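Numbering (our numbering), first residue to last: 448 to 551.
Glycine included, each C-beta is placed from N, C-alpha and C at the ideal position.
None of the values given here were measured: they were computed from a predicted structure.
Please read the structure below before turning to the comments.
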């Protein structure tokens, strides 16, 4: 895009620092290609699962995957992992808040 300032993904000193960064930034603003996208996709054995998704959601996944130059199944795995990590973090934060409230 003309006049658009190119954003650079910073180097992170820890996974936590990277998670915090992506919680407040949109990957679509960083158009540097897949080498600069830290999806944290582990190279491990995979097991096939059947997951029923709406065709419109699959289309959205494929469209976004093309934007970030990743295969859509790879992108989907990364998004599921990120969502799970975020849900666990939020749950731990809620539990900590409840425990802190009980101590007061």
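Taking C-alpha atoms, which residue in 497, 548, 458 and 466 lies nearest to residue 532? Answer by Cα proximity: 466.
Would you tell me roughly how many angstroms separate the C-alpha atoms of residue 543 and residue 550, rounded to the nearest one? The alpha-carbon atoms of residue 543 and residue 550 are separated by roughly 11 Å.
Is the CB-CB distance between residue 504 and residue 476 below 8 Å? No, these two residues do not count as a Cβ contact at 8 Å.
Counting only beta-carbon separations shorter than 8 Å, does residue 496 have a partner in chain D? No chain D is present in this structure, which holds just one protein chain.
Under 7 Å Cβ to Cβ from residue 541, same chain only, skipping five residues before and after it: list those, please. Spatial neighbours of residue 541 in its own chain (CB-CB distance under 7 Å, excluding positions within 5 residues in sequence) are not present.
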